[in-house]
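Only one structure is covered here, and it is reproduced in the block below.
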């Protein structure tokens with residue numbers, strides 16, 4: 039069981055310090071990704087998803103940012119203690135990242151062949167001919183037609199979807215164990231989004247790698263996730279297998295998110311939205327960070343920081359109020 | 061399972077066909093550049109100048125050159141352009157190769173055309189080498205300032221740098237013991253830092269060493285203030301002073317002009333880097349595990365090079381002018397080597413008797429500098445993506 043764990047993030051805290059205030063962007067996040075597993079990190083904008091992903095790769099800009107605590111274990115190795123050189127040999131080689139904006143994530147002055155083969159040449163000692171073959175194979179794998187010719191194209195000659203495929207090919211270049219995909223479909227339209235999602239699924243199946251998929255789109259989550267972590271204001275609010283989260287949500291925030299999804303049964307009705315907005319990471323409320331927006335809030339939520347409550351089978355939620363209520367209903371039965 | 065997944069994938073994904081127009085960057089570039097007539101004229105004069113400088117170097121140097129810029133024919137002095145030599149009084153080897161003096165002769169009877177050809181090479185090399193030096197310095201400092209700008213120089217860095225500078229300086233002014241002591245001290249400091257870096261930084265260090273790790277000044281501030289200081293110097297007079305101190309040679313002049321004109325490039329490159337650094341592709345490349353210097357010089361520099369290229373073209377014109385000015389004042393390349401500046405300067409004594417001695421080099425300098433400027437402006441238009449969309 040222990041061997042199966044690929045990466046585990048334990049109580050990670052990333053703060054951004056400015057002169058007057060400290061923004062606690064990530065405030066004690068704990069999660070794991072097993073081998074050959076697709077894990078989704080879901081949350082609103084500004085809840086710390088991207089910062090979590092960046093800190094796994096050690097890409098948080100350090101003068102304003104500050105890794106205030108926690109550990110990141112990748113195959114048992116602490117990533118936060120590594121120096122620059124060792125970290126560079128992890129990036130791209132063992133952990134790769136696909137970014138949100140395919141339109142700007144490719145260097146406009148190099149051909150895509152150059153960019154993919156650079157990823158290979160940095161980490162692997164391969165001659166240029168083999169590199170080229172590998173590039174062609176990668177491009178074919180991610181579904182780009184006529185890869186031999188496309189190799190010499192510049193990014194501006196590709197469409198958004200194609201560029202995201204190239205980004206994925208770059209991430210795959212060194213056969214990493216883990217791919218972090220930071221909202222890779224947000225900038226794309228729905229049909230392309232669907233293609234890219236299926237591409238991720240296909241990659242995950244054929245290459246046996248793990249994917250940490252970061253998104254704010256619950257529709258995407260149902261498509262690809264094995265397990266889901268719901269983040270709110272820099273902490274994990276709820277975690278569990280996809281069916282548990284979608285059918286038996288135990289945190290009021292997750293319930294709010296699910297209720298605000300449009301669906302056929304809600305046709306014609308006004309769509310639900312969670313009142314208020316995500317708290318400013320520099321001025322978080324006391325107690326439960328969700329209490330100002332929570333319909334179930336009781337006075338103790340104002341003062342006590344909620345602990346994770348275990349519902350069994352890997353399903354945890356950070357809301358003692360609902361936990362008590364569920365327990366009561368079970369006891370009553 | 062792998063095969064079935066692959067099959068399903070093939071059916072689903074290989075639908076997208078290439079759609080983008082097939083035009084190389086160079087074709088695109090030429091299409092726009094072609095429409096700017098002045099820039100085209102500038103470009104052709106630039107090419108002509110380049111060729112004639114190279115041809116001039118070949119034809120005017122060597123043991124027995126075709127055009128000898130140093131051959132003195134006192135009986136033929138101050139002849140106007142296109143004048144025929146007097147074949148009776150002239151030894152056959154003194155007759156110019158083309159049979160007449162295309163640009164006349166000067167007060168010693170030397171062929172001005174040959175001298176202009178020789179001077180073209182000087183102007184060309186001074187322009188390119190000086191600008192090359194200044195662009196290299198500018199790119200390096202600008203890149204560092206733009207990319208690492210937020211990092212701080214710590215007090216120990218400054219102590220180290222000053223130790224080494226003092227050490228070298230002391231050795232240079234003939235006190236080798238003190239100088240060597242400074243260098244050894246600096247070396248020990250490096251060793252000490254290398255040792256302490258290994259251990260996790262603890263508060264158990266003595267307080268005076270902790271003082272060494274205080275932040276002093278950001279890299280950006282340091283470099284940009286040096287740029288400001290350099291800009292404050294009236295650079296022509298700085299060059300005059302330096303040239304007066306150093307032995308006059310063409311290489312010293314190139315280096316001095318290069319070392320006093322890198323500030324503009326530094327500012328350009330820094331400004332470009334500040335905006336490039338925040339772009340997604342830089343983050344993406346970092347996520348691939350590319351090292352910082354590779355990011356700066358391989359990934360960001362080609363994106364920042366356009367304004368540098370434009371300013372370099374105009375910089376070549378300025379360098380040619382500066383060299384001509386120095387030669388005119390007698391600080392430039394030493395005679396008998398001809399440069400456009402010293403032809404002009406020699407000719408000014410005869411401006412009423414032989415006006416071509418001043419007008420010819422003057423007009424050539426004007427045309428070359430103007431063509432470089434026009435070409436530079438044309439380049440700027442082509443490389444500016446906002447102007448590009450109009451076409």
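Residue numbers (my numbering), protein chains in the order written: chain A, 39 to 371; chain B, 61 to 451. Virtual Cβ for every residue (Gly too), placed ideally from N, Cα, C.
- Item | Coil, strand or helix - residue 135 (chain A) by DSSP | In the three-state reduction of the DSSP assignment, residue 135 (chain A) falls in the strand class.
- Reference residue 324 (chain B), options B:242, B:200, B:411, B:250, closest by Cα: The shortest CA-to-CA distance from residue 324 (chain B) to any of B:242, B:200, B:411, B:250 is the one to B:200.
- Task: Mind listing the chain B neighbours of residue 126 (chain A)? Cutoff is C-beta to C-beta under 8 Å, in chain order.
- Result: Here the neighbours are 349, 350, 351.
- Query: Smallest Cα separation from residue 218 (chain B): which of B:360, B:249, B:123, B:205?
  - Reply: Cα-wise, what sits closest to residue 218 (chain B) is B:249.
- Assumed close pair residue 403 (chain B), residue 176 (chain B) - CB separation to whole angstroms, cut-off 8 Å: So it is a contact: roughly 7 Å between Cβ atoms.
- Query: Should the segment 374 to 394 of chain B be regarded as contacting the segment 349 to 363 of chain B, the criterion being three or more beta carbon pairs within less than 8 Å?
  - Reply: Segments in contact, no.
- When DSSP labels each residue in this structure, what does residue 433 (chain B) get in the three-state scheme? Residue 433 (chain B): helix per DSSP, three-state reduction.
- Using a C-beta cutoff of 8 Å, does residue 129 (chain A) count as contacting chain B? Output row for residue 129 (chain A): interface = yes.
- Touching by the beta-carbon criterion (3+ pairs, under 8 Å), the segment 135 to 142 of chain A and the segment 158 to 177 of chain A: The segment 135 to 142 of chain A is not in contact with the segment 158 to 177 of chain A.
- Looking at C-alpha atoms only, which residue of A:239, A:159, A:197, A:249 is the closest neighbour of residue 211 (chain A)? Ranked by Cα distance from residue 211 (chain A), the first of A:239, A:159, A:197, A:249 is A:159.
- Item | Identified DSSP bridge partners for residue 69 (chain A) | Residue 69 (chain A) is bridged by DSSP to A:47.
- By Cβ distance below 8 Å, which residues in the same chain neighbour residue 345 (chain B) in space, the five residues on each side in sequence not counted? Within its own chain, the residues whose Cβ lies closer than 8 Å to the Cβ of residue 345 (chain B), once the five positions on either side in sequence are excluded, are 355, 359, listed in chain order.
- Got a sec? Which residues, its chain only, sit under 7 Å from residue 300 (chain A) by beta carbon, not counting five neighbours each side? The beta carbon of residue 300 (chain A) sits closer than 7 Å to the beta carbons of 309 from its chain, once the five residues preceding and following it are set aside; these are given in chain order.
- Task: Give me whichever residues DSSP pairs with residue 277 (chain A) in a beta bridge.
- Result: For residue 277 (chain A), the beta-bridge partners assigned by DSSP are A:267, A:354.
- For residue 356 (chain A), I'd like the list of residues in its chain whose CB is within less than 6 Å of its CB, leaving aside the five on either flank, ordered along the chain. Taking residue 356 (chain A) as the centre and dropping the five residues before and after it, the same chain places the C-beta of 275, 344, 346 closer than 6 Å to its C-beta, in chain order.
- Query: Using a Cβ-Cβ distance under 8 Å, would residue 53 (chain A) count as near chain B?
  - Reply: Residue-level contact check: residue 53 (chain A) does not touch chain B, since none of the beta carbons of chain B fall below 8 Å from its beta carbon.
- Task: For residue 161 (chain A), return the contacting residues in chain B, with the cut-off set at a CB-CB distance below 7 Å.
- Result: Neighbours of residue 161 (chain A) on chain B, chain order: 349.
- Query: chain A partners of residue 174 (chain B), CB-CB under 9 Å?
  - Reply: Going along chain A, no residue has its Cβ under 9 Å from residue 174 (chain B), so there is no contact; the nearest lies around 45 Å.
- Query: Does the beta carbon of residue 367 (chain B) come closer than 8 Å to any beta carbon on chain A?
  - Reply: Cβ-Cβ to chain A under 8 Å: no for residue 367 (chain B).
- With 16 as the cutoff for other CB atoms within 10 Å, does residue 138 (chain A) come out buried or exposed? With 16 or more other Cβ atoms within 10 Å, it is buried.
- Closer than 8 Å to chain A by CB, residue 341 (chain B): It does; some Cβ of chain A falls within 8 Å.
- Pair within 8 Å by beta-carbon distance, residue 246 (chain B) and residue 228 (chain B): Contact flag unset, no.
- Message: 8 Å is my cut-off, CB to CB: does residue 362 (chain B) come that close to chain A?
- Response: Chain A contact via Cβ: present.
- Helix or strand or just coil, what does DSSP make of residue 213 (chain A)? Looking at residue 213 (chain A) - three-state DSSP - the assignment turns out to be coil, as it is neither helix nor strand.
- If you scan the segment 88 to 166 of chain A from start to end, which runs of the beta strand (DSSP E) of 3 or more residues do you find wholly inside it? For the segment 88 to 166 of chain A, whole beta strand (DSSP E) runs of length 3 or above, ordered along the chain, are 103 to 112, 133 to 136.
- Query: Between which two residues does the beta strand (DSSP E) containing residue 251 (chain A) stretch?
  - Reply: Per DSSP, residue 251 (chain A) is one residue of the beta strand (DSSP E) stretching across 248 to 253.
- Answer yes or no: do residue 156 (chain B) and residue 416 (chain B) have a C-beta to C-beta separation smaller than 8 Å? When the beta-carbon positions are compared, residue 156 (chain B) and residue 416 (chain B) stay at least 8 Å from each other.
- Message: Let's test the definition: count the other Cβ atoms within 10 Å of the Cβ of residue 39 (chain A) and tell me whether it reaches 16, buried, or not, exposed.
- Response: Residue placement at residue 39 (chain A) cannot be trusted, given a pLDDT of 44 that sits under 50; what the coordinates show is reported in the next sentence. Its Cβ having fewer than 16 others within 10 Å, residue 39 (chain A) is exposed.
- Excluding the 5 residues preceding and the 5 following residue 42 (chain A) in the sequence, name in chain order all residues of the same chain whose CB lies nearer than 7 Å to its CB. Short of 7 Å from the beta carbon of residue 42 (chain A), and not among the five residues preceding or following it, lie these beta carbons of its own chain, in chain order: 72, 73.
- Exposed or buried, what is residue 128 (chain B) when buried is set at 16 or more other beta-carbons lying within 10 Å of its beta-carbon? Buried, since its Cβ has 16 or more Cβ neighbours within 10 Å.
- List the endpoints of the continuous beta strand (DSSP E) containing residue 214 (chain B). Element bounds for residue 214 (chain B): 212 to 214.
- Task: Give the DSSP bridge partners of residue 275 (chain B), in chain order.
- Result: Paired residues: B:214.
- Between the C-alpha atoms of residue 209 (chain A) and residue 237 (chain A), what's the straight-line distance to the nearest angstrom? Each residue's alpha carbon lies about 13 Å from the other.
- State whether the segment 185 to 205 of chain B contacts the segment 314 to 330 of chain B, with contact taken as three or more CB pairs (one from each stretch) at a distance under 8 Å. These segments touch.
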